[in-house]
Amino acid sequence: MSQTKIFKADIDMKLEKEKNNLSILKEAMNKSRTNTHSMLGILNSFENRLQKLESTIEPVYNETEMLRRRQENIEKTTVTLDNVLGYYHVAKEVENMIKEGPSSCGLDRYLAQMDRLKQAMLYFDTHNSSSLELLDVTRVFEDGKEVLCCEFRLLLSRHGRPVPPIMLLDLIGDEEIPSSDPDVPLEHFPEKIVDDLGQIAKWLDKKGNTAEFTKDYLTMRGAAMLKSLQVLREHLKSASASSSTSIQYIGQHSPAPTSKFSRTKETPVRKSKLKIALHLKKKAQTALLQSPFEQASKGHRRQGSYNDIVENLDVEVEIYITQLSALLKLMQSEAQLMSCIIPDKNRRTVFDGIVQQSLDSVVSEGEMLATQAKKSINKHEFMSVLSIFPVVKHLRSIKPDFDYTLEGCSTPTRSKLASMLSTLGSTGAKALEDFIESIKNDPERASMPKDGTVHELTNRTIIFLEPLLDYSETAGAMLLMHGEQAAPSEAVDAKKSKLKFADYMTKVLSALGLNLSNKSETYNDPTLRPIFMLNNYNYILKSITRNGLLNLIHLCNKDVGQYYEDQIHEQKRLYSESWSKVLHYILEIDEPLSQQRLMMPDVKLKDKEKQNIKDKFSGFNKELEEIMKSQKGYAIPDQELREALKKDNKDFIIPRYKMFLEKYERVNFTKNLDKYIKYTAPAVGVIVDKFFDTSA
Numbered sequence: 001m002s003q004t005k006i007f008k009a010d011i012d013m014k015l016e017k018e019k020n021n022l023s024i025l026k027e028a029m030n031k032s033r034t035n036t037h038s039m040l041g042i043l044n045s046f047e048n049r050l051q052k053l054e055s056t057i058e059p060v061y062n063e064t065e066m067l068r069r070r071q072e073n074i075e076k077t078t079v080t081l082d083n084v085l086g087y088y089h090v091a092k093e094v095e096n097m098i099k100e101g102p103s104s105c106g107l108d109r110y111l112a113q114m115d116r117l118k119q120a121m122l123y124f125d126t127h128n129s130s131s132l133e134l135l136d137v138t139r140v141f142e143d144g145k146e147v148l149c150c151e152f153r154l155l156l157s158r159h160g161r162p163v164p165p166i167m168l169l170d171l172i173g174d175e176e177i178p179s180s181d182p183d184v185p186l187e188h189f190p191e192k193i194v195d196d197l198g199q200i201a202k203w204l205d206k207k208g209n210t211a212e213f214t215k216d217y218l219t220m221r222g223a224a225m226l227k228s229l230q231v232l233r234e235h236l237k238s239a240s241a242s243s244s245t246s247i248q249y250i251g252q253h254s255p256a257p258t259s260k261f262s263r264t265k266e267t268p269v270r271k272s273k274l275k276i277a278l279h280l281k282k283k284a285q286t287a288l289l290q291s292p293f294e295q296a297s298k299g300h301r302r303q304g305s306y307n308d309i310v311e312n313l314d315v316e317v318e319i320y321i322t323q324l325s326a327l328l329k330l331m332q333s334e335a336q337l338m339s340c341i342i343p344d345k346n347r348r349t350v351f352d353g354i355v356q357q358s359l360d361s362v363v364s365e366g367e368m369l370a371t372q373a374k375k376s377i378n379k380h381e382f383m384s385v386l387s388i389f390p391v392v393k394h395l396r397s398i399k400p401d402f403d404y405t406l407e408g409c410s411t412p413t414r415s416k417l418a419s420m421l422s423t424l425g426s427t428g429a430k431a432l433e434d435f436i437e438s439i440k441n442d443p444e445r446a447s448m449p450k451d452g453t454v455h456e457l458t459n460r461t462i463i464f465l466e467p468l469l470d471y472s473e474t475a476g477a478m479l480l481m482h483g484e485q486a487a488p489s490e491a492v493d494a495k496k497s498k499l500k501f502a503d504y505m506t507k508v509l510s511a512l513g514l515n516l517s518n519k520s521e522t523y524n525d526p527t528l529r530p531i532f533m534l535n536n537y538n539y540i541l542k543s544i545t546r547n548g549l550l551n552l553i554h555l556c557n558k559d560v561g562q563y564y565e566d567q568i569h570e571q572k573r574l575y576s577e578s579w580s581k582v583l584h585y586i587l588e589i590d591e592p593l594s595q596q597r598l599m600m601p602d603v604k605l606k607d608k609e610k611q612n613i614k615d616k617f618s619g620f621n622k623e624l625e626e627i628m629k630s631q632k633g634y635a636i637p638d639q640e641l642r643e644a645l646k647k648d649n650k651d652f653i654i655p656r657y658k659m660f661l662e663k664y665e666r667v668n669f670t671k672n673l674d675k676y677i678k679y680t681a682p683a684v685g686v687i688v689d690k691f692f693d694t695s696a
């Protein structure tokens with residue numbers, strides 16, 4: 001019971017506490033409600049005041065904005081009126097400056113005044129096209145355009161000069177020595193002049209509505225390019241006059257060129273340029289110096305007629321090849337310069353015009369080379385035609401660059417080099433084909449050497465073929481594209497060209513061999529025939545082996561080298577038959593005496609036997625002297641072959657004579673032994689050593 005009371009008392013206490021909390025909460029809520037009503041009243045009052053302020057300020061704002069707009073309009077109208085009024089006076093204000101040109105005030109300021117005149121023209125043309133002011137402004141504007149065109153021409157003429165030959169040769173560089181430094185383009189004008197020319201050209205094109213300046217640019221730059229080539233040609237000619245073997249190219253910075261033609265960066269020193277045609281000349285000279293006409297002994301030397309021809313092979317062709325490379329470099333440089341000056345829409349037309357004169361000049365010289373070559377072909381002067389091959393090889397190598405540079409030009413312009421290349425190619429092919437015919441038709445008795453040395457036809461053939469080794473692909477392509485069964489250029493590659501040229505050389509050597517064989521039959525002396533053929537076969541084989549032609553020929557026919565080896569062996573065998581009369585006596589074919597009988601002591605020979613032995617020695621002596629007399633006059637220009645042939649003779653005759661001599665020298669067949677035994681075995685060797693030497 002007491003526990004219940006305690007629990008009840010506790011609950012009553014908590015209830016009383018909650019009632020107090022509730023009364024406090026109600027009191028707080030009443031205060032909050034009062035504050036809320038008070039705040040709402042304040043806010044409503046503030047809102048009313050703002051509405052009253054807005055209704056008061058808004059008219060003032062609108063009026064102020066209207067006044068501001070009016071002010072802006074007034075200012076714009078004032079500026080426009082000032083501009084319009086300026087249009088009426090601009091002609092008089094700028095006329096003197098326009099007449100004086102950009103040099104008086106600077107190009108930028110001058111172009112700004114021209115822009116003012118342009119704007120005035122547009123204004124009067126739109127608003128009052130019949131006004132006198134339009135006529136004045138147009139007159140001054142046209143005068144200004146003419147002054148700008150004159151300034152454009154003046155800058156071109158004042159600062160444009162032919163490119164010095166030394167710089168062109170440096171730019172071309174050494175084609176045989178690769179360089180890690182790319183070629184630096186020429187700087188035809190100072191950078192400031194290029195900028196001025198570009199500004200004038202751009203203004204005349206866009207605002208002057210004229211392209212007359214492009215004609216001036218075309219004419220003057222075309223003339224400068226042509227003059228550069230002419231100066232280069234004169235330089236090369238004067239340089240060649242001081243040396244008959246080469247043209248000296250100055251590859252270092254020689255007397256510095258003028259600032260108008262400085263390189264855009266420092267250029268490395270380069271070696272002298274050895275031209276392709278000069279290499280051709282040296283190859284021909286090498287063949288000539290190694291020919292039997294130059295290396296034979298004095299008694300057998302024959303004067304060839306090629307020295308003068310070879311001397312004339314290099315200069316013109318060398319110069320022309322250099323001109324081709326120079327033209328390409330000038331065209332590439334000109335295209336780069338033009339991109340900074342001429343508007344894009346005019347560039348191809350202008351570039352087409354710039355290159356015309358120079359291209360025509362170079363093409364004309366190339367066609368002249370072809371014409372001269374055709375004349376030489378008709379005269380059978382084939383050595384002169386060799387000049388075509390380095391030109392064609394060089395032109396074929398740089399033609400892709402020409403095609404790329406001329407891309408976008410007119411079809412006639414782009415086809416000029418291709419047409420010239422075709423003309424040179426057909427001329428070269430005709431020369432090669434006619435050369436074979438000239439060999440076939442060479443008269444059998446023409447210029448036959450009395451001593452059996454190498455025939456001039458053989459020498460001439462080797463001299464013609466040897467320089468062509470460096471142009472095997474070029475010559476083969478000529479034959480493929482312009483021969484009897486012409487193939488399109490797309491079907492011609494390096495491998496086919498080499499095979500075609502190897503086949504051509506095989507035909508040349510075949511025709512030569514047949515002609516030589518026919519010529520040898522004209523000799524009355526049967527011994528001289530194998531000597532003649534031996535000399536020629538040996539010379540051909542050694543020449544084509546030494547210069548590498550044989551390796552090329554083997555691409556087509558692997559048996560050629562062995563064929564000549566076999567022919568040389570056969571001719572030696574035929575030559576050895578010249579000893580048959582000598583051997584007739586010492587081989588004792590007629591009535592030989594036995595060795596056994598001769599070895600018997602106190603052997604006595606019959607008179608007939610003694611006479612037989614005497615006849616053998618006498619006959620041997622006579623025939624040996626006769627063969628020595630005749631073969632002293634034979635020529636073996638090749639020392640190695642000459643000594644080998646002498647050794648073969650010794651090995652062939654001396655052992656047989658020695659056996660014969662030992663058999664009879666102790667036999668009493670005569671009282672006058674020296675009369676019959678005139679030569680010992682060594683003495684016969686001395687006799688053989690005198691063969692092939694008229695001075696012996």
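So that you can map any letter, position 577 of the sequence shown is 577 in full-length UniProt numbering, and since no number is skipped, the others follow by simple counting. Here a beta-carbon is modelled for each residue, glycine too, at the ideal position from N, C-alpha and C. All values derive from a computational prediction rather than experimental measurement.
Do the CB positions of residue 539 and residue 571 come within less than 9 Å of each other?
Locating residue 539 in the sequence shown gives position 539, counting from the first residue. Locating residue 571 in the sequence shown gives position 571, counting from the first residue. It is not a contact, given that the beta carbons lie outside the stated cut-off.
May I ask whether a heavy atom of the ligand GDP can be found less than 8 Å away from the beta carbon of residue 380?
The model on display carries no ligand, and the ligand GDP is accordingly not part of it.
State the DSSP-derived secondary structure class of residue 587, mapped to helix, strand or coil.
As a first step, residue 587 is located in the sequence shown; it is residue number 587 there, counting from the start. Three-state DSSP puts residue 587 in coil, outside helix and strand.
Taking Cβ positions, are residue 482 and residue 430 nearer each other than 9 Å?
Locating residue 482 in the sequence shown gives position 482, where the first residue counts as 1. Locating residue 430 in the sequence shown gives position 430, where the first residue counts as 1. Yes.
Take the Cβ of residue 7 as the centre, count every other Cβ of all protein chains shown within 10 Å, and call the residue buried at 16 or more, exposed below.
Here residue 7 refers to the residue found at position 7 of the sequence shown. When all chains shown are included, residue 7 counts as exposed.
Could you pull out every residue in the same chain whose Cβ sits closer than 7 Å to the Cβ of residue 678, ignoring the five residues on either side in sequence?
As a position in the sequence shown, residue 678 is number 678, starting the count at 1. Around residue 678: 621.
So, helix, strand or coil for residue 186, using DSSP?
The residue given as residue 186 occupies position 186 in the sequence shown. If DSSP states are grouped into helix, strand and coil, residue 186 belongs with the strands.
Just to confirm my understanding: we take residue 115, look at its own chain, exclude 5 residues before and 5 after, and list those with CB closer than 8 Å. What are they?
For the purposes of this step, residue 115 is taken as residue 115 along the sequence shown, with counting starting at 1. Answer for residue 115: 207, listed in chain order.
Starting from residue 532, trace the alpha helix (DSSP H) in both directions and tell me its first and last residue.
By 1-based counting over the sequence shown, the position of residue 532 is 532. Unbroken alpha helix (DSSP H) run through residue 532: 528 to 546.
Here's the rule I'm using: 16 or more other beta-carbon atoms within 10 Å means buried, otherwise exposed. How should residue 269 be labelled?
Here residue 269 refers to the residue found at position 269 when the sequence shown is read from its first residue. Residue placement at residue 269 cannot be trusted, given a pLDDT of 33 that sits under 50; the coordinates are not used to answer.
Inspect the beta-carbon positions of residue 637 and residue 575 and report whether they are closer than 9 Å.
For the purposes of this step, residue 637 is taken as the residue at position 637 of the sequence shown. For the purposes of this step, residue 575 is taken as the residue at position 575 of the sequence shown. The Cβ-Cβ distance between residue 637 and residue 575 does not fall below 9 Å.
In angstroms with no decimal places, state the Cα-to-Cα distance between residue 305 and residue 328.
On the sequence shown, residue 305 is found 305 positions in, with the first residue counted as 1. On the sequence shown, residue 328 is found 328 positions in, with the first residue counted as 1. Caution applies to residue 305, whose pLDDT of 40 falls short of 50 and renders its modelled position unreliable; the value that the coordinates give is listed next. Whole-angstrom Cα-Cα distance: 37 Å.
Look up residue 447 in the DSSP assignment and say whether it is helix, strand or coil.
In the sequence shown, residue 447 corresponds to position 447, counting from 1. Looking at residue 447 - three-state DSSP - the assignment turns out to be coil, as it is neither helix nor strand.
Given a cut-off of 9 Å, decide if residue 552 and residue 628 are closer than it, judged by their beta-carbon atoms.
The residue given as residue 628 occupies position 628 in the sequence shown. The residue given as residue 552 occupies position 552 in the sequence shown. Not a contact, by the Cβ cut-off of 9 Å.
Does the distance from the C-beta atom of residue 98 to that of residue 119 stay below 9 Å?
To locate residue 98, count along the sequence shown from 1; it is residue 98. To locate residue 119, count along the sequence shown from 1; it is residue 119. No, they are not a contact pair.
What separation, rounded to the nearest whole angstrom, lies between the Cα atoms of residue 698 and residue 125?
Outside the displayed span of the chain (1 to 696) sits residue 698, for which this structure offers no information.
Is it buried or exposed, residue 79, if we count other Cβ atoms within 10 angstroms and call 16 or more buried?
Within the sequence shown, the letter at position 79 stands for residue 79. By the neighbour-count rule (16 or more Cβ atoms within 10 Å), residue 79 is not buried but exposed.
Under the rule that 16 or more other beta-carbon atoms within 10 Å means buried, what is residue 56, buried or exposed?
The residue given as residue 56 occupies position 56 in the sequence shown. Under this definition residue 56 is an exposed residue.
Are the beta-carbon atoms of residue 541 and residue 555 separated by less than 9 Å?
Along the sequence shown, read from residue 1 onward, the residue named residue 541 stands at position 541. Along the sequence shown, read from residue 1 onward, the residue named residue 555 stands at position 555. Against a cut-off of 9 Å, the Cβ pair of residue 555 and residue 541 comes out as no contact.
In whole angstroms, what separates the C-alpha of residue 392 from that of residue 344?
Counting from one through the sequence shown, the residue named residue 392 turns up at place 392. Counting from one through the sequence shown, the residue named residue 344 turns up at place 344. Spanning the two alpha carbons is a distance of roughly 34 Å.
Is residue 74 buried or exposed, if buried means 16 or more other CB atoms sit within 10 Å of its CB?
Locating residue 74 in the sequence shown gives position 74, where the first residue counts as 1. So residue 74 ends up on the exposed side.
For residue 624, tell me which candidate among 580, 390, 663, 546 has the shortest Cα-Cα distance.
If you number the sequence shown from 1, residue 624 lands on position 624. Closest by alpha carbon: 580.
Under three-state DSSP, which class holds residue 353?
Here the question's residue 353 lines up with position 353 in the sequence shown. The answer is helix: DSSP assigns residue 353 an H, G or I state.
Taking residue 360 as the reference, give the member of 419, 396, 136 with the closest Cα.
The residue given as residue 360 occupies position 360 in the sequence shown. Taking only the C-alpha atoms, the option nearest residue 360 is 419.
Which value, in whole angstroms, describes the spacing of the CA atoms of residue 480 and residue 422?
Residue 480 sits at position 480 when you count from the first residue of the sequence shown. Residue 422 sits at position 422 when you count from the first residue of the sequence shown. Spanning the two alpha carbons is a distance of roughly 12 Å.
Locate the alpha helix (DSSP H) running through residue 399, then write down its first and last residues.
Residue numbering aside, residue 399 sits at position 399 when the sequence shown is read from its first letter. Here the alpha helix (DSSP H) through residue 399 covers 388 to 405.
Looking at the unbroken alpha helix (DSSP H) that takes in residue 691, where does it start and where does it end?
Here residue 691 corresponds to residue number 691 of the sequence shown, with the count starting at 1. Per DSSP, residue 691 belongs to no alpha helix (DSSP H) and is neither H nor E.
Where does residue 695 land, buried or exposed, given buried means 16+ other C-beta within 10 angstroms?
For this step, residue 695 is matched to residue 695 along the sequence shown. By the 10 Å Cβ count, residue 695 comes out exposed.
Could you tell me whether the Cβ atoms of residue 137 and residue 91 are closer together than 9 Å?
Stepping through the sequence shown from its first residue, residue 137 is reached at position 137. Stepping through the sequence shown from its first residue, residue 91 is reached at position 91. In this structure, residue 91 lies closer than 9 Å to residue 137 by Cβ.
Assign residue 105 to one of three DSSP states: helix, strand, or coil.
Numbered from its first residue, the sequence shown carries residue 105 at position 105. Reduced to three states, the DSSP call for residue 105 is helix.
Going by beta-carbon coordinates alone, are residue 330 and residue 228 separated by less than 9 Å?
Taking the sequence shown and counting its residues from 1, one reaches residue 330 at position 330. Taking the sequence shown and counting its residues from 1, one reaches residue 228 at position 228. Their beta carbons are under 9 Å apart, which means residue 330 touches residue 228 by this criterion.
Round the Cβ separation of residue 634 and residue 428 to the nearest angstrom and send it over; I've been treating them as touching at under 8 Å.
Residue mapping note: residue 634 aligns to position 634 of the sequence shown, counting from 1. Residue mapping note: residue 428 aligns to position 428 of the sequence shown, counting from 1. About 39 Å separates the beta carbons of residue 634 and residue 428, which is beyond the 8 Å limit, so they are not a contact pair.
I want to know whether the segment 667 to 675 touches the segment 604 to 621 - three or more CB-CB distances under 8 Å.
yes
Should residue 3 go down as buried or exposed, given a rule of 16 or more other Cβ atoms within 10 Å for buried?
For this step, residue 3 is matched to residue 3 along the sequence shown. When all chains shown are included, residue 3 counts as exposed.
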